[in-house]
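Here the working numbering is used: the first residue of the sequence shown is 3, the next is one more, and so on.
Ideal Cβ positions, reconstructed from N, Cα and C, are used throughout, including at glycine.
Just so you know, these numbers come straight off a predicted model, no measurement behind them.
Here's the structure, in structure tokens; my notes come after.
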Amino acid sequence: MKKEKIILTGDRPTGKLHIGHYVGSLRRRVELQNSGAFDKIFVFEADGQALTDNAENPDKIRQNVIEVALDYLAAGLDPTKSTIFIQSMVPELYELAFYFMDLVTVSRLQRNPTVKTEIQLRNFESSVPVGFFTYPISQAADIAAFKATTVPVGEDQEPMIEQARELVRRFNHVYGETLVEPEILLPDNAACLRLPGTDGKAKMSKSLGNCIYLSDSADELEKKVKSMYTDPGHLRVSDPGKIEGNTVFTYLDAFCRPEHFERYLPEYPSLDELKAHYQRGGLGDMKVKKFLAAVMQEEFTPIRERRREFAKDIPAVFEMLRKGSEQAREVAAQTMAEVRAAMRINYFDDQELIASQSKRIAEEYGL
Ligand code: TRP
């Protein structure tokens, strides 16, 4: 049988998705979904993982499950092509994580650079919740339970996918070939690896207030673009300006296509020419920002409008999630049956076990 190509990816539902999520993963997912190159696509909300550092605030997760589902649908994920589900509604994922925990050491987990940074960020140093510390294991289980071959995520997730590959290899080595080693699929455009916040800071984050959300209105988007961080040394229009670290140009790298020039800025043939003029001097920030705003409105207006349409029937969105979770659960349960068989803990399905134990114990008792 030809090996199926299976995508699995997801997000923690801790807030609405922003355009960093969109260029970093969401846009690609939709392309992959529509490419027809994959046999199955699973996209999920990792609410269990979100709880690992929000245990005392489950309401935050509860509120955002629907927001993220709306963001997914708005961006173009289509439940007839992709199975969209909620992690905690598929308890098999936690079951697999429990067995994975026996196949990895504490010191290996401590080496995970993403978790290290996250622990510092949350001031968890002396009091890391065990669940948070071990979430890479749970994430490996999410991936392995669906026998995912391809995991499209941002670069910060690289250590997680490496961990998942190691765990799959280790499982297959110990218990026999059962699970599938996943490959990471990184964004293809360098500007998309990590879109900076509108203030130029390295990361978009809700707490920094530097995000543009998929749900932002046209006005909000416009305002945020107009107040974006550029080159602080570019004081007069005639001054030469810097492109590096200039958020407006980073965003243009992520969003601008050649045809945008014809439509919104016909006096420039290409992004390279626009950049060259800025660097030479004589090109004002506002002109570039206006262009960026037009480019971004074009990309986000249809998304914003779709989101509004889906928002009209929230029970239907929950129903979509329920159906997706049921479908996902069937797949994960099938993998768990194979996992239990490989681990020889499928006691009740194993007639040979029951027969051989009867025989052995009968002999012991002389029955
Ligand atoms: N850790 C991912 C994030 O924070 C979310 C996630 C959980 C995930 N499980 C996954 C992504 C499995 C890909 C595959 O964005």
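Could you please give me the residues that DSSP links to residue i through a beta bridge?
i	result
V153	I186
Y215	H20
D86	First, the amino acid is wrong: residue 86 is Ile here, not Asp. For I86, which the question treats as bridged, DSSP gives the partners V45.
According to DSSP, is residue i part of a helix, a strand, or is it coil?
i	result
T11	strand
F126	coil
V333	helix
R342	helix
V239	coil
V72	Residue identity differs from the one stated: residue 72 is Leu in this sequence, not Val. Three-state result, L72: helix.
V106	coil
I347	coil
D80	coil
G133	helix
D61	helix
N248	coil
M298	helix
A357	helix
A39	coil
D144	helix
D255	helix
Take the Cβ of residue i as the centre, count every other Cβ of all protein chains shown within 10 Å, and call the residue buried at 16 or more, exposed below.
i	result
R324	exposed
F293	buried
P198	buried
K201	Strictly speaking, residue 201 in this sequence is Asp, with Lys absent from that position. Result: exposed.
P81	buried
H370	There is no way to answer for residue 370, as the model of the chain reaches only from 3 to 369.
E332	exposed
P112	A quick correction: the sequence has Gln, not Pro, at residue 112. Counting Cβ neighbours within 10 Å, Q112 comes out exposed, since fewer than 16 surround it.
P242	exposed
L426	Summary: the structure shown does not reach residue 426, with the chain confined to residues 3 through 369, and so no result is reported for it.
T303	exposed
F350	exposed
E94	buried
K4	exposed
Q89	buried
R14	buried
A318	exposed
I347	exposed
A76	buried
G211	exposed
Where residue i and residue j are concerned, what is the direct C-alpha to C-alpha distance, given to the nearest angstrom?
i	j	result
T119	V70	25 Å
V67	Y280	42 Å
A330	L285	52 Å
S129	R172	29 Å
D255	D190	12 Å
L187	D233	32 Å
I17	A334	Looking at the sequence itself, residue 17 is Gly, so the reference to Ile does not match. G17 and A334: Cα-Cα distance of roughly 26 Å.
I145	E6	14 Å
L169	R196	27 Å
L267	A278	15 Å
D73	E307	11 Å
A142	N56	20 Å
S140	A357	35 Å
M288	L276	13 Å
Y270	E264	8 Å
N248	G235	11 Å
N114	T11	19 Å
Y231	V250	7 Å
S209	L123	12 Å
S37	D218	28 Å
Can at least three beta-carbon pairs, one atom from the segment 126-140 and one from the segment 13-25, be found at a separation below 8 Å?
Verdict: no, contact absent.
Please determine if the segment 142-154 and the segment 307-316 are in contact, where contact requires at least 3 C-beta pairs separated by less than 8 Å.
Not touching, per the Cβ criterion.
Tell me whether the segment 337-349 and the segment 91-99 touch, counting them as touching only if at least three CB pairs, one residue from each stretch, are closer than 8 Å.
yes
If we count Cβ pairs, one from each stretch, closer than 8 Å, do we get three or more for the segment 221-238 versus the segment 41-59?
no
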